[in-house]
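*Asks:* Chains D and E, in that order, give the protein sequences.
The opening residue of the first sequence carries number 9 in our numbering; numbering runs sequentially from there.
The opening residue of the second sequence carries number 9 in our numbering; numbering runs sequentially from there.
Note that beta-carbon positions come from the ideal geometry of N, C-alpha and C, so glycine has one too.
As the structure is a prediction and not an experimental result, all values here were calculated from the model.
What follows is a single structure, and I will ask about it in a moment.
Protein chains: 2
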Amino acid sequence: MSKQLAASGAKHFADHLISEIRDVGHPLCVGLDPHLDLIPSLFTQGSMHPSDELTAQAIESFLSAVLERIAGRVAIVKPQIAFFEQLGWRGLRVLSRLCARAQADGLTVLLDAKRGDIGSTAKAYAKAYLTADATMPVNALTLNPYLGLDSLAEFAAVAAGAGKGLFVLVKTSNPGSGDLQDQQVQAQPLYIQVARGLVAMHGALKGPVTGWSSLGVVCGATWPHQAALVREALPHALFLVPGYGAQGGSAADALAGFVPGPYGLEGGIVNTSRGVVFAANSAAASSTAAWEQAIDNALESSIDELGNAVHV
Amino acid sequence: MSKQLAASGAKHFADHLISEIRDVGHPLCVGLDPHLDLIPSLFTQGSMHPSDELTAQAIESFLSAVLERIAGRVAIVKPQIAFFEQLGWRGLRVLSRLCARAQADGLTVLLDAKRGDIGSTAKAYAKAYLTADATMPVNALTLNPYLGLDSLAEFAAVAAGAGKGLFVLVKTSNPGSGDLQDQQVQAQPLYIQVARGLVAMHGALKGPVTGWSSLGVVCGATWPHQAALVREALPHALFLVPGYGAQGGSAADALAGFVPGPYGLEGGIVNTSRGVVFAANSAAASSTAAWEQAIDNALESSIDELGNAVHV
Numbered sequence: 009m010s011k012q013l014a015a016s017g018a019k020h021f022a023d024h025l026i027s028e029i030r031d032v033g034h035p036l037c038v039g040l041d042p043h044l045d046l047i048p049s050l051f052t053q054g055s056m057h058p059s060d061e062l063t064a065q066a067i068e069s070f071l072s073a074v075l076e077r078i079a080g081r082v083a084i085v086k087p088q089i090a091f092f093e094q095l096g097w098r099g100l101r102v103l104s105r106l107c108a109r110a111q112a113d114g115l116t117v118l119l120d121a122k123r124g125d126i127g128s129t130a131k132a133y134a135k136a137y138l139t140a141d142a143t144m145p146v147n148a149l150t151l152n153p154y155l156g157l158d159s160l161a162e163f164a165a166v167a168a169g170a171g172k173g174l175f176v177l178v179k180t181s182n183p184g185s186g187d188l189q190d191q192q193v194q195a196q197p198l199y200i201q202v203a204r205g206l207v208a209m210h211g212a213l214k215g216p217v218t219g220w221s222s223l224g225v226v227c228g229a230t231w232p233h234q235a236a237l238v239r240e241a242l243p244h245a246l247f248l249v250p251g252y253g254a255q256g257g258s259a260a261d262a263l264a265g266f267v268p269g270p271y272g273l274e275g276g277i278v279n280t281s282r283g284v285v286f287a288a289n290s291a292a293a294s295s296t297a298a299w300e301q302a303i304d305n306a307l308e309s310s311i312d313e314l315g316n317a318v319h320v
Numbered sequence: 009m010s011k012q013l014a015a016s017g018a019k020h021f022a023d024h025l026i027s028e029i030r031d032v033g034h035p036l037c038v039g040l041d042p043h044l045d046l047i048p049s050l051f052t053q054g055s056m057h058p059s060d061e062l063t064a065q066a067i068e069s070f071l072s073a074v075l076e077r078i079a080g081r082v083a084i085v086k087p088q089i090a091f092f093e094q095l096g097w098r099g100l101r102v103l104s105r106l107c108a109r110a111q112a113d114g115l116t117v118l119l120d121a122k123r124g125d126i127g128s129t130a131k132a133y134a135k136a137y138l139t140a141d142a143t144m145p146v147n148a149l150t151l152n153p154y155l156g157l158d159s160l161a162e163f164a165a166v167a168a169g170a171g172k173g174l175f176v177l178v179k180t181s182n183p184g185s186g187d188l189q190d191q192q193v194q195a196q197p198l199y200i201q202v203a204r205g206l207v208a209m210h211g212a213l214k215g216p217v218t219g220w221s222s223l224g225v226v227c228g229a230t231w232p233h234q235a236a237l238v239r240e241a242l243p244h245a246l247f248l249v250p251g252y253g254a255q256g257g258s259a260a261d262a263l264a265g266f267v268p269g270p271y272g273l274e275g276g277i278v279n280t281s282r283g284v285v286f287a288a289n290s291a292a293a294s295s296t297a298a299w300e301q302a303i304d305n306a307l308e309s310s311i312d313e314l315g316n317a318v319h320v
């Protein structure tokens, strides 16, 4: 944490994350999506089956090794809960341990779960992940807004009290994202209506130090023009940007919603999932040293690309 | 299962569910939402804490007792996964056992998870819950459509192959559901656009025996006029109707999207969560017999009300 925040004793998701991003010098977020068929054989013992304890152990040792490579070099990681849920309860147990380990290593943990529900059900999700005494505590959670602002308000109230962050789906990176999100509503696309609906909530969660809000949005790197429009609607929202690299978004596309800050462009995080964790040549590595080298190379390459892009 | 389906060897979610509903004579679905602060003291040992093994055990014994009361009297149950997730991995282990138990008792299990994601992430959710070799197999799953039709297509492909069902959020029961769902798009509300987007997918999943589709929709009992419009758009979709009872929807409201069938109004299921599981007088019951009586009374009352309403 930067000296400024440590001294003030501030505990605010966005302030803390921005401080960490300034320290490492880039907004790269490493996605932790353990595809069973991509785990390097170095970490597996025979065939992988989702309901098998050995498979859960293989994923834990694989992602623990990844965390060891990236700790101190990136500010934030994003586990995708679906890849843990597919292992059943063993998967959630592994996820829980990995989140605790990442946080102990100084990494901010954003859980990509795209949850969304109402009333007491939203509160139950918040108790799982966000409250001060959460069962599986993370620093931030992704949310789906289809049920309406009342569904998001439950999470926002918890996030404000516990110093946690939220990223609401606004314009997702997939080709079909336009089916609902681009529908014209009052001469604006729906995703802009969603963004405008978040204005009050995102203002209320602004950080006292940086001015960035703990209520963020998801805007895919595949839609840079749209990201710029969302930025106009929500000047203080942190962006979670998926779709960089594998899905076709360039570094410049990924930063379309970022704005000039004291240390270069800032205002969000850019996720890469396969790019680092399943780096080129890493699956075939015949030794731990060779695997570590492949991960390190991929990490440096992504950091360099994004670091250069934010410091233009 | 009815003799007709058993003889044909058919394995199709909607055909099977409709057959079971015809057998029991009503469309009541019992929601399993284990609110920690509502579990009767008969089933608990001291205070309840989400990350405590005793709490998970209390919920398992409580809901096992509920399943014992309702097996054979209702066709379907709907566990809400958020209340299990708030217990962490122990919660998913309990959920997994309860789903297996319910299915062994002849109950159809609809998991209310409101998942929605793209590509390989959607496939991972499907492997958790829907595929033939799923880690935590259920009969059907609720989905959120905000990411677009490509996100739903992944689930639909799996459901078609494995004989599973899907219920896509269209018009939810909460007061804020209009924030997105009622926005006017091409002179129609968005929820009707969503329903129309599902036409081809729901037609492809029609059952050979009943004609009802395994691609269903969620339409709250609090919006009967809107449910009738969704029915016009999707003639073969089963409706999952939340909001009956506690949220204010009457039996007649809940059946607004149902149509005349061979044994009365049909075309979906009507959920009650607190109404049965946390029945009046059940929390204070001082003996197992008194608790069973309270649950039985509440169940019969809901069954009678809905049974009478469908057989007008």
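Taking just the CA atoms, how far does Thr63 of chain E sit from Pro48 of chain E?
*Replies:* The residue given as residue 48 of chain E occupies position 40 in the second sequence. The residue given as residue 63 of chain E occupies position 55 in the second sequence. If you take the alpha carbons of Pro48 of chain E and Thr63 of chain E, they lie about 12 Å apart.
*Asks:* With respect to the alpha helix (DSSP H) encompassing Leu242 of chain E, which residues constitute its N-terminal and C-terminal limits?
*Replies:* Within the second sequence, numbered from 1, the residue matching residue 242 of chain E stands at position 234. Where Leu242 of chain E is concerned, there is no enclosing alpha helix (DSSP H), given that its DSSP letter is neither H nor E.
*Asks:* Less than 8 Å between the CB atoms is what I'm expecting for Leu223 of chain D and Leu206 of chain D, so what's the real figure, rounded?
*Replies:* Your numbering for residue 223 of chain D matches position 215 in the first sequence. Your numbering for residue 206 of chain D matches position 198 in the first sequence. Yes, they are in contact, since the Cβ atoms of Leu223 of chain D and Leu206 of chain D sit about 6 Å apart, within 8 Å.
*Asks:* Alpha carbon to alpha carbon, what distance is there between Ser258 of chain D and Gly54 of chain D?
*Replies:* What you label residue 54 of chain D is simply residue 46 of the first sequence in a count that begins at 1. What you label residue 258 of chain D is simply residue 250 of the first sequence in a count that begins at 1. So the alpha carbons of these two residues sit roughly 37 Å apart.
*Asks:* Between which two residues does the beta strand (DSSP E) carrying Ile84 of chain E extend?
*Replies:* Here residue 84 of chain E is taken as the residue at index 76 of the second sequence, counted from 1. Its beta strand (DSSP E) spans residues Ile84 to Pro87.
*Asks:* In chain E, which residues lie less than 7 Å from Thr143 of chain D when you measure between Cβ atoms?
*Replies:* Along the first sequence, read from residue 1 onward, the residue named residue 143 of chain D stands at position 135. Those are Pro58, Ser59, Gln94, Leu95 and Gly96, listed as they occur along chain E.
*Asks:* Consider the Cβ of Asp261 of chain D: report whether some Cβ of chain E lies at a distance smaller than 7 Å.
*Replies:* As a working mapping, residue 261 of chain D is identified with position 253 in the first sequence. So no, Asp261 of chain D is outside the interface.
*Asks:* Hey, Val284 of chain E and Val32 of chain E: beta-carbon distance below 7 Å or not?
*Replies:* Translated into the one-based positions of the second sequence, residue 284 of chain E becomes position 276. Translated into the one-based positions of the second sequence, residue 32 of chain E becomes position 24. For Val284 of chain E and Val32 of chain E, no; Cβs fall outside 7 Å.
*Asks:* Count the other CB atoms, across all protein chains shown, that sit within 10 Å of the CB of Glu61 of chain E; report buried if there are 16 or more and exposed otherwise.
*Replies:* Position 53 of the second sequence, counted from the first residue, corresponds to residue 61 of chain E. It counts as exposed.
*Asks:* Between Cys227 of chain D and Lys172 of chain D, which are expected to be in contact by the criterion C-beta below 8 Å, what is the C-beta distance as a whole number of angstroms?
*Replies:* As a first step, residue 227 of chain D is located in the first sequence; it is residue number 219 there, counting from the start. As a first step, residue 172 of chain D is located in the first sequence; it is residue number 164 there, counting from the start. Between Lys172 of chain D and Cys227 of chain D the Cβ distance is about 20 Å, and since that is not below 8 Å, they are no contact.
*Asks:* State buried or exposed for Lys86 of chain D, treating a residue as buried only when at least 16 other CB atoms are found within 10 Å of its CB.
*Replies:* For this step, residue 86 of chain D is matched to residue 78 along the first sequence. Buried, by the Cβ-count rule.
*Asks:* Give me the Cα-Cα distance between His233 of chain D and Ala264 of chain D, rounded to the nearest whole angstrom.
*Replies:* Working through the first sequence from its first residue, we reach residue 233 of chain D at position 225. Working through the first sequence from its first residue, we reach residue 264 of chain D at position 256. Going from the Cα of His233 of chain D to the Cα of Ala264 of chain D covers about 7 Å.
*Asks:* Would you kindly work out how many angstroms separate the C-alpha atoms of Thr143 of chain D and Ser290 of chain D, rounded to a whole number?
*Replies:* As a position in the first sequence, residue 143 of chain D is number 135, starting the count at 1. As a position in the first sequence, residue 290 of chain D is number 282, starting the count at 1. For Thr143 of chain D and Ser290 of chain D, the distance between alpha carbons rounds to 34 Å.
*Asks:* Closest to Ser295 of chain D by CA distance: which of D:Leu50, D:Ile29, D:Leu177 and D:Leu44 is it?
*Replies:* Position 287 of the first sequence, counting from 1, holds the residue named residue 295 of chain D. When each option's Cα is compared against that of Ser295 of chain D, the closest is D:Leu50.
*Asks:* Are Gly251 of chain D and Thr230 of chain D touching if we call contact CB-CB under 7 Å?
*Replies:* On the first sequence, position 243 is the one that residue 251 of chain D refers to. On the first sequence, position 222 is the one that residue 230 of chain D refers to. Yes, they are a contact pair.
*Asks:* Comparing the C-beta of Thr139 of chain E with each C-beta of chain D, is any distance below 7 Å?
*Replies:* Start at 1 with the first residue of the second sequence, and residue 139 of chain E comes out as number 131. Closer than 7 Å: no.
*Asks:* Given a cut-off of 7 Å, decide if Leu157 of chain D and Asp187 of chain E are closer than it, judged by their beta-carbon atoms.
*Replies:* For the purposes of this step, residue 187 of chain E is taken as the residue at position 179 of the second sequence. For the purposes of this step, residue 157 of chain D is taken as the residue at position 149 of the first sequence. Yes, the Cβ-Cβ distance between Asp187 of chain E and Leu157 of chain D is below 7 Å.
*Asks:* Identify which residue in E:Val267, E:Ala260, E:Gln255 and E:Gly256 has its Cα closest to the Cα of Pro243 of chain E.
*Replies:* The residue you call residue 243 of chain E lines up with position 235 of the second sequence. Considering only alpha carbons, the answer is E:Val267.
*Asks:* If you count every other CB in all the chains shown that lies within 10 Å of the CB of Gly80 of chain D, and 16 or more means buried, which is it?
*Replies:* What you label residue 80 of chain D is simply residue 72 of the first sequence in a count that begins at 1. Per the 10 Å Cβ criterion, exposed.
*Asks:* Got a sec? Which residues, its chain only, sit under 7 Å from Arg204 of chain E by beta carbon, not counting five neighbours each side?
*Replies:* Position 196 of the second sequence, counting from 1, holds the residue named residue 204 of chain E. Counting only Cβ-Cβ distances below 7 Å, and skipping sequence neighbours, we find Ala241.
*Asks:* Which residues in chain E sit within 7 Å of Phe91 of chain D, going by Cβ to Cβ distance?
*Replies:* Indexing the first sequence from 1 puts residue 91 of chain D at position 83. In chain order: Ala132.
*Asks:* Just the C-alpha distance for Asp45 of chain E and Thr52 of chain E, rounded to the nearest angstrom, thanks.
*Replies:* Here residue 45 of chain E refers to the residue found at position 37 of the second sequence. Here residue 52 of chain E refers to the residue found at position 44 of the second sequence. Roughly 11 Å between the two C-alpha positions.
*Asks:* Does chain D have any CB closer than 7 Å to the CB of Gly228 of chain E?
*Replies:* Numbered from its first residue, the second sequence carries residue 228 of chain E at position 220. Cβ-Cβ to chain D under 7 Å: no for Gly228 of chain E.
*Asks:* Between the alpha carbons of Gln201 of chain E and Val82 of chain D, how many angstroms are there, rounded?
*Replies:* As a working mapping, residue 201 of chain E is identified with position 193 in the second sequence. As a working mapping, residue 82 of chain D is identified with position 74 in the first sequence. Spanning the two alpha carbons is a distance of roughly 42 Å.
*Asks:* Counting only beta-carbon separations shorter than 7 Å, does Ser281 of chain D have a partner in chain E?
*Replies:* The sequence position of residue 281 of chain D within the first sequence is 273, counting from 1. Taking Cβ atoms only, chain E never reaches closer than 7 Å to Ser281 of chain D, which makes this a no.
*Asks:* Have a look at Leu138 of chain E and Leu75 of chain E and give me their C-alpha separation to the nearest angstrom.
*Replies:* Counting from 1 along the second sequence, the entry for residue 138 of chain E is found at position 130. Counting from 1 along the second sequence, the entry for residue 75 of chain E is found at position 67. Taking the straight line from one Cα to the other gives about 22 Å.
*Asks:* If you count every other CB in all the chains shown that lies within 10 Å of the CB of Asn316 of chain D, and 16 or more means buried, which is it?
*Replies:* Taking the first residue of the first sequence as 1, we reach residue 316 of chain D at position 308. Label assigned to Asn316 of chain D: exposed.
*Asks:* Taking the alpha helix (DSSP H) that Asp312 of chain D belongs to, which residues open and close that run?
*Replies:* Within the first sequence, numbered from 1, the residue matching residue 312 of chain D stands at position 304. Here the alpha helix (DSSP H) through Asp312 of chain D covers Thr296 to Val318.
*Asks:* Give, in chain order, every residue of the segment 147–167 of chain D whose Cβ lies closer than 9 Å to some Cβ of chain E.
*Replies:* Going along the segment 147–167 of chain D in chain order, one finds Asn152, Pro153, Tyr154, Leu155, Gly156, Leu157, Asp158, Ser159, Leu160 and Ala161 with a Cβ nearer than 9 Å to chain E.
*Asks:* Please list the partners that Ile47 of chain D has in chain E, where partner means a Cβ-to-Cβ separation under 9 Å.
*Replies:* Counted from its first residue, the first sequence places residue 47 of chain D at position 39. Chain E residues near Ile47 of chain D: none, gap ~14 Å exceeds 9 Å.
*Asks:* Based on the DSSP output, what are the partners of Tyr3 of chain D in its beta bridges?
*Replies:* One cannot answer for residue 3 of chain D here, as it falls past the ends of chain D, which runs 9 to 320.
*Asks:* Hey, is Thr129 of chain D's beta-carbon within less than 7 Å of any beta-carbon in chain E?
*Replies:* Indexing the first sequence from 1 puts residue 129 of chain D at position 121. Yes, contact with chain E.
*Asks:* Ala287 of chain D and Ala302 of chain D: beta carbons closer than 7 Å?
*Replies:* What you label residue 287 of chain D is simply residue 279 of the first sequence in a count that begins at 1. What you label residue 302 of chain D is simply residue 294 of the first sequence in a count that begins at 1. Contact: yes.
*Asks:* Could you check where the alpha helix (DSSP H) with Ser72 of chain E kicks off and where it finishes?
*Replies:* Translated into positions along the second sequence, residue 72 of chain E becomes position 64. Glu61 to Ile78 is the extent of the alpha helix (DSSP H) around Ser72 of chain E.
*Asks:* Let me check understanding here. Comparing Cα to Cα, which of D:Glu68, D:Glu274, D:Glu162 and D:Leu118 lies closest to Trp220 of chain D?
*Replies:* As a first step, residue 220 of chain D must be located in the first sequence, where it is residue number 212. For the residues D:Glu68, D:Glu274, D:Glu162 and D:Leu118, the minimum Cα distance to Trp220 of chain D belongs to D:Glu274.
*Asks:* What did DSSP end up calling Lys131 of chain D once you bin it into helix, strand or coil?
*Replies:* Taking the first residue of the first sequence as position 1, residue 131 of chain D is located at position 123. If DSSP states are grouped into helix, strand and coil, Lys131 of chain D belongs with the helices.
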